[in-house]
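Trainee: Protein chains in written order, with this note's numbering: chain A, 178 to 811; chain B, 342 to 739.
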């Protein structure tokens with residue numbers, strides 16, 4: 178009995194810092210609809226800043242002053258980022274802000290190492306809270322009690338702020354319907370900036386309060402960001418109370434779960450999220466998202482297949498790629514093959530995101546499943562590469578069938594988070610099931626057949642797969658299925674009224690995307706000669722998202738360009754500098770600001786501005802008939 | 342910002358794309374997790390720089406200048422393979438070295454086997470790299486998981502403790518270390534039992550609940566294999582909660598300055614650890630290294646420095662030992678190769694390609710507010726390895 182009580186207290190203490198960070202993220206999302214990937218970076222900056230300040234200012238007053246001051250400094254940084262960067266791209270397509278904040282996150286990781294050095298830093302303990310309190314004969318750190326008390330206090334303060342100040346009322350109104358708030362004449366700019374600053378302040382405070390418990394290091398941000406997203410989603414987006422309850426649920430389940438399954442921490446939060454989302458699609462305290470108001474008056478550029486001239490251009494491009502092996506060296510060809518693999522991967526995600534209107538945060542799951550499928554065949558049945566390439570992706574397909582069935586019941590960010598949960602569950606199976614998958618050591622010796630083992634041969638193989646794959650996906654876009662899918666994306670109600678079953682359409686799209694991701698994954702396994710759990714990991718999923726967004730989300734095949742640019746850049750920077758994350762992050766941020774519609778979207782705009790099409794007499798100025806998305810042909 | 346540790350001339354040659362190695366220099370490739378794990382790789386890089394400077398100041402490899410081209414793997418095996426490919430097929434290096442993470446090391450080892458290029462694994466600790474997944478072209482420098490588990494189990498067996506609990510990060514490194522320790526301790530002490538285990542995810546330990554769970558099983562002794570930030574959380578929580586009081590603790594790698602220094606005045610007393618007590622090693626070989634290192638870098642060495650330094654010394658030794666710089670020639674010369682390191686002379690065993698680099702074992706203590714290893718003793722690596730005949734049986738038949 179005493180043990181259970183003490184374990185509960187430990188869980189509550191862990192919940193407190195999770196709640197602080199999560200509440201900030203939830204508030205930001207609620208008002209600005211920004212999925213702030215940089216939230217973890219601000220958490221980390223809060224800890225680093227607090228480390229420096231507590232080092233300078235001693236004594237109790239100095240310590241607590243330093244914690245608050247550090248959080249304020251970081252909040253100012255956050256507000257600056259919002260003003261300089263995000264304000265420019267609020268009009269960009271959904272999720273584009275995610276790309277911008279992802280770029281910032283990459284930069285911050287390298288910047289903290291440059292400023293504070295590579296070593297883990299240990300800050301002082303909190304004055305007055307260094308000891309332990311004996312509870313039923315067991316010692317509980319007094320700092321834990323402070324944290325346990327802090328959670329409800331912050332929750333209460335936020336409640337007062339939101340219910341008894343004009344600003345708070347505006348924030349709540351904006352969370353419910355920000356278009357209406359704007360229509361009523363509220364200055365959105367400052368509302369957004371102040372909300373962002375508050376959210377970042379809470380993140381930084383959460384980080385600063387960690388320094389008496391742990392070391393400060395440059396990997397803190399990634400350690401918390403995903404978990405925080407999960408907590409926000411379990412609680413319900415935009416709901417601070419939900420974040421509070423979800424943080425407690427997750428922490429307590431972890432505290433007791435490890436007693437029965439000592440290895441459960443790795444996966445617990447994702448299991449909880451998957452269960453919650455399947456039962457309550459909008460999280461515990463969330464409300465169903467109101468249908469987005471179609472943006473009226475946007476120019477429409479319907480997608481159309483290639484014109485004959487464009488077809489010739491594409492054919493020339495493919496031919497140009499096919500003769501590259503006669504000019505390039507082995508290393509360049511291997512890099513080329515890697516880029517081609519990711520072209521197909523990005524194209525499959527792009528299909529799901531733009532045609533299906535479903536942004537997946539866990540697309541790497543199917544890439545990885547395809548890779549493992551191929552590896553299993555080679556390792557356990559001795560199948561040759563050709564068979565493994567054909568059959569391996571079926572595992573990606575199978576995964577997409579099962580996971581997709583649950584996922585398409587949801588939409589928007591909840592859909593994205595459920596895909597993430599499933600991807601993490603798949604990842605943890607690959608990571609934990611050492612006997613079969615080799616755990617994080619991966620499966621080695623998955624090398625291609627002799628004819629494809631030379632860099633030249635494999636390049637052609639990868640090119641063939643990518644060209645056929647992207648070609649099929651394009652054909653699908655312009656098939657009746659593709660039109661139906663776009664209909665249910667643009668207006669669920671209208672398409673259902675004319676007899677299109679949205680769910681089954683989207684499920685099929687999910688399976689198609691998963692299968693093509695599986696094919697690229699299987700190819701990747703043979704390119705690398707090995708398979709590792711990080712193929713299914715979050716970074717791979719994020720890479721895919723970045724490629725799609727970079728290429729342009731409102732285009733038919735922008736992902737191809739996005740994949741080539743991003744992957745080539747990433748490989749080249751990795752080889753040239755230790756600060757690859759800093760440079761890559763900066764480039765992403767610049768691209769986001771320069772091309773808010775993605776590279777291909779930008780080129781499309783440019784072309785239409787120079788040469789408006791005459792077909793159908795429909796110029797780009799034609800007003801929309803309630804179509805939410807701008808489609809760009811290419 | 343290509344990190345060519347060598348002359349500007351070498352950089353120029355590469356930049357202008359000259360494919361073949363310039364007369365009078367030998368290029369080797371090196372890969373490590375520079376951006377992902379700077380706490381280890383910065384000292385490691387400094388150790389390499391020192392060794393390289395010493396070798397080239399002394400005339401290089403038989404008059405040829407040694408040039409090391411370093412690449413970052415970002416902590417991912419897939420990216421390590423890309424880098425390896427670049428080094429081998431574009432830069433034309435004669436051999437590969439480096440690696441920190443076990444999975445990166447295994448990926449590079451498999452690359453070495455497939456592409457027939459020599460790979461000297463610097464740090465990866467996994468036993469698979471020389472045993473169950475060993476191959477003809479892969480050799481490993483660092484004192485392995487098994488060897489350090491054997492050293493710690495030897496000390497652990499002397500303790501009266503019968504009930505043991507384990508805490509290790511939940512991935513292959515932690516799992517295989519705990520398995521080896523259990524096996525070796527049980528062999529020496531059939532009466533011990535393992536009563537609890539905790540597997541926190543790497544970098545995300547929830548120390549309070551984990552320690553309560555361990556405490557509830559009432560063990561006599563605790564085996565810990567967490568490190569870096571996880572270790573600090575564990576120590577702080579454990580000290581406050583009194584979980585370590587009256588219990589023996591055996592802790593893997595904790596004596597390495599990389600992990601011990603952040604603990605400062607909270608370093609627990611009396612933990613049995615492996616590590617690197619640079620402040621109290623009195624051998625001539627180490628003193629010479631220490632003086633040279635501190636003169637060059639104005640900093641004290643970490644264990645990474647020893648690994649980086651010894652890696653480059655091994656590279657130089659093998660390139661000097663034979664004039665046949667083909668992979669087969671080098672692999673042949675690696676077998677039984679003798680190298681002088683700051684930890685004394687080591688031999689790369691012919692049968693399983695593991696070096697006999699030893700390790701220091703001691704107990705933790707505090708001096709001047711800093712964590713140190715008290716009474717460190719050096720353990721010869723050779724004494725804690727299975728015999729060459731037995732080890733050869735652990736390797737796959739090629």
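For every residue, glycine included, the Cβ atom is placed at its ideal position computed from N, Cα and C. Model, not experiment: these values are computed from the prediction.
In three-state terms, what does DSSP make of residue 292/A?
Mentor: As a position in the first chain, residue 292/A is number 115, starting the count at 1. If DSSP states are grouped into helix, strand and coil, residue 292/A belongs with the helices.
Trainee: Which residues mark the beginning and the end of the beta strand (DSSP E) in which residue 505/B is found?
Mentor: By 1-based counting over the second chain, the position of residue 505/B is 164. In this chain, the beta strand (DSSP E) harbouring residue 505/B covers 504-508.
Trainee: Tell me residue 178/A's beta-bridge partners as DSSP assigns them.
Mentor: Here residue 178/A refers to the residue found at position 1 when the first chain is read from its first residue. Answer is none; residue 178/A lacks a bridge partner.
Trainee: If we ignore side chains and look at the alpha-carbon of each, how far apart do residue 392/B and residue 681/B end up?
Mentor: Sequence index remark: in the second chain, residue 392/B carries index 51 (1-based). Sequence index remark: in the second chain, residue 681/B carries index 340 (1-based). Put simply, the backbone Cα of residue 392/B is about 12 Å away from that of residue 681/B.
Trainee: Can you pull the DSSP bridge partners for residue 539/B?
Mentor: Within the second chain, the letter at position 198 stands for residue 539/B. The partner list for residue 539/B (beta bridge, DSSP) reads 508/B.
Trainee: Quick one: give me the first and last residue of the beta strand (DSSP E) that residue 717/B is part of.
Mentor: Translated into the one-based positions of the second chain, residue 717/B becomes position 376. That run of the beta strand (DSSP E) goes 711-720.
Trainee: Any Cβ of chain A within less than 8 Å of the Cβ of residue 721/B?
Mentor: Position 380 of the second chain, counted from the start, is the residue given in the question as residue 721/B. Not one chain A Cβ lies under 8 Å of residue 721/B.
Trainee: In its own chain, which residues sit with a C-beta less than 7 Å from the C-beta of residue 277/A, not counting the 5 before and 5 after it?
Mentor: Translated into positions along the first chain, residue 277/A becomes position 100. Only 262, 263, 266, 766 and 769 meet the Cβ criterion.
Trainee: For the region 396-429 of chain B, list every residue whose C-beta sits within 7 Å of some C-beta in chain A, in sequence order.
Mentor: 412, 413, 415, 417, 418, 419, 420, 422, 423, 424, 426 and 427
Trainee: Do residue 594/A and residue 450/A have their C-beta atoms closer together than 8 Å?
Mentor: Along the first chain, one-based indexing puts residue 594/A at 417. Along the first chain, one-based indexing puts residue 450/A at 273. Yes, the Cβ-Cβ distance between residue 594/A and residue 450/A is below 8 Å.
Trainee: What whole-angstrom Cβ distance do residue 544/A and residue 698/A have, given they're in contact under 8 Å?
Mentor: Counted from its first residue, the first chain places residue 544/A at position 367. Counted from its first residue, the first chain places residue 698/A at position 521. For residue 544/A against residue 698/A, the beta-carbon gap comes to about 4 Å, under 8 Å, which counts as contact.
Trainee: Within this structure, are the beta carbons of residue 428/B and residue 437/B separated by less than 8 Å?
Mentor: Walking along the second chain from the start, residue 428/B turns up at place 87. Walking along the second chain from the start, residue 437/B turns up at place 96. In this structure, residue 428/B lies near residue 437/B, with their beta-carbon atoms less than 8 Å apart.
Trainee: Let's test the definition: count the other Cβ atoms within 10 Å of the Cβ of residue 390/A and tell me whether it reaches 16, buried, or not, exposed.
Mentor: Within the first chain, residue 390/A is the residue found at index 213, counting from 1. Answer is buried; the Cβ neighbour count reaches 16.
Trainee: Got a sec, what are the start and stop residues for the alpha helix (DSSP H) residue 343/A sits in?
Mentor: For the purposes of this step, residue 343/A is identified with residue 166 of the first chain, where counting begins at 1. Here the alpha helix (DSSP H) through residue 343/A covers 343-353.
Trainee: Short of 9 Å Cβ to Cβ, which residues in the region 362-393 of chain A face chain B?
Mentor: 389, 390, 391, 392 and 393
Trainee: Mapping DSSP to helix, strand and coil, what is residue 442/B?
Mentor: The count along the second chain starts at 1 and reaches residue 442/B at position 101. In this structure, residue 442/B counts as coil in the three-state DSSP scheme.
Trainee: I'd like to know if residue 459/B contacts chain A, where contact means its C-beta is closer than 8 Å to some C-beta of that chain.
Mentor: Here residue 459/B refers to the residue found at position 118 when the second chain is read from its first residue. No - not a single Cβ of chain A is within 8 Å of the one on residue 459/B.
Trainee: Just checking my contact of residue 285/A with residue 226/A at CB under 8 Å: how many whole Å lie between their CB atoms?
Mentor: In the first chain, residue 285/A corresponds to position 108, counting from 1. In the first chain, residue 226/A corresponds to position 49, counting from 1. Incorrect: roughly 12 Å between the Cβ atoms, too far for contact.
Trainee: Along the chain, which unbroken stretches of the alpha helix (DSSP H) at least 4 residues long are found entirely within the region 193-220 of chain A?
Mentor: none
Trainee: Between the region 542-553 of chain B and chain A, which residues of the former have CB atoms less than 7 Å from a CB of the latter, in chain order?
Mentor: Listed by position, the residues of the region 542-553 of chain B near chain A (Cβ gap below 7 Å) are 542, 544, 545, 547, 549, 550, 551 and 553.
Trainee: Would DSSP call residue 733/A helix, strand or coil?
Mentor: The count along the first chain starts at 1 and reaches residue 733/A at position 556. It is coil, neither helix nor strand.
Trainee: Taking Cβ positions, are residue 335/A and residue 197/A nearer each other than 8 Å?
Mentor: Counted from its first residue, the first chain places residue 335/A at position 158. Counted from its first residue, the first chain places residue 197/A at position 20. Their beta carbons are not under 8 Å apart, which means residue 335/A does not touch residue 197/A by this criterion.
Trainee: Residues of chain A with CB under 8 Å from residue 573/B, in chain order?
Mentor: Translated into the one-based positions of the second chain, residue 573/B becomes position 232. Taking the beta carbon of residue 573/B as reference, the chain A residues within 8 Å of it are 297, 299, 391 and 392, listed in sequence order.
Trainee: Residue ranges of each alpha helix (DSSP H) run of no fewer than 4 residues wholly in the region 235-316 of chain A, ordered along the chain?
Mentor: 236-261 and 273-293
Trainee: Does residue 552/A pass the burial test, meaning 16 or more other C-beta atoms within 10 Å, or should it be called exposed?
Mentor: Here residue 552/A corresponds to residue number 375 of the first chain, with the count starting at 1. Result: buried.
Trainee: From residue 710/A to residue 512/B, what does the alpha carbon distance come to, in whole angstroms?
Mentor: For the purposes of this step, residue 710/A is taken as the residue at position 533 of the first chain. For the purposes of this step, residue 512/B is taken as the residue at position 171 of the second chain. Looking at the two C-alpha atoms, the distance is approximately 11 Å.
Trainee: Between which residues of its own chain and residue 182/A is the CB-CB distance below 6 Å, once the five residues before and five after are set aside?
Mentor: In the first chain, counting from the first residue as 1, residue 182/A sits at position 5. Cβ within range, chain order: n/a, list empty.
Trainee: Any idea what DSSP makes of residue 191/A, helix, strand or coil?
Mentor: As a working note, residue 191/A is residue 14 in the first chain. Looking at residue 191/A - three-state DSSP - the assignment turns out to be helix.
Trainee: Count the other CB atoms, across all protein chains shown, that sit within 10 Å of the CB of residue 783/A; report buried if there are 16 or more and exposed otherwise.
Mentor: Translated into positions along the first chain, residue 783/A becomes position 606. Exposed, by the Cβ-count rule.
Trainee: Please classify residue 285/B as buried or exposed, where buried requires at least 16 neighbouring CB atoms within 10 angstroms.
Mentor: With chain B running from 342 to 739 in the structure shown, residue 285/B is simply not present.
Trainee: Using DSSP with H/G/I as helix, E/B as strand and the rest coil, what is residue 649/B?
Mentor: Indexing the second chain from 1 puts residue 649/B at position 308. Residue 649/B: helix per DSSP, three-state reduction.
Trainee: Report the residue from 440/A, 315/A and 269/A whose alpha carbon sits nearest the alpha carbon of residue 186/A.
Mentor: Reading the first chain from its first residue, position 9 is the one you call residue 186/A. When only C-alpha atoms are compared, the closest one is 315/A.
Trainee: So is residue 224/A in contact with chain B if we call contact Cβ pairs under 8 Å?
Mentor: Looking up residue 224/A in the first chain gives position 47. For residue 224/A, the answer is no, since every Cβ of chain B falls outside 8 Å of its Cβ.
Trainee: Taking only beta-carbon atoms, is residue 583/B less than 8 Å away from chain A?
Mentor: For the purposes of this step, residue 583/B is taken as the residue at position 242 of the second chain. For residue 583/B, the closest Cβ of chain A is nearer than 8 Å.
Trainee: Jot down the residue ranges of each uninterrupted alpha helix (DSSP H) in the region 528-577 of chain B, minimum 4 residues, whole runs only, in chain order.
Mentor: For the region 528-577 of chain B, whole alpha helix (DSSP H) runs of length 4 or above, ordered along the chain, are 548-557.
Trainee: Is it right to say residue 735/A is buried, meaning 16 or more other beta carbons lie within 10 angstroms of its own, or is it exposed?
Mentor: Along the first chain, one-based indexing puts residue 735/A at 558. Label assigned to residue 735/A: buried.
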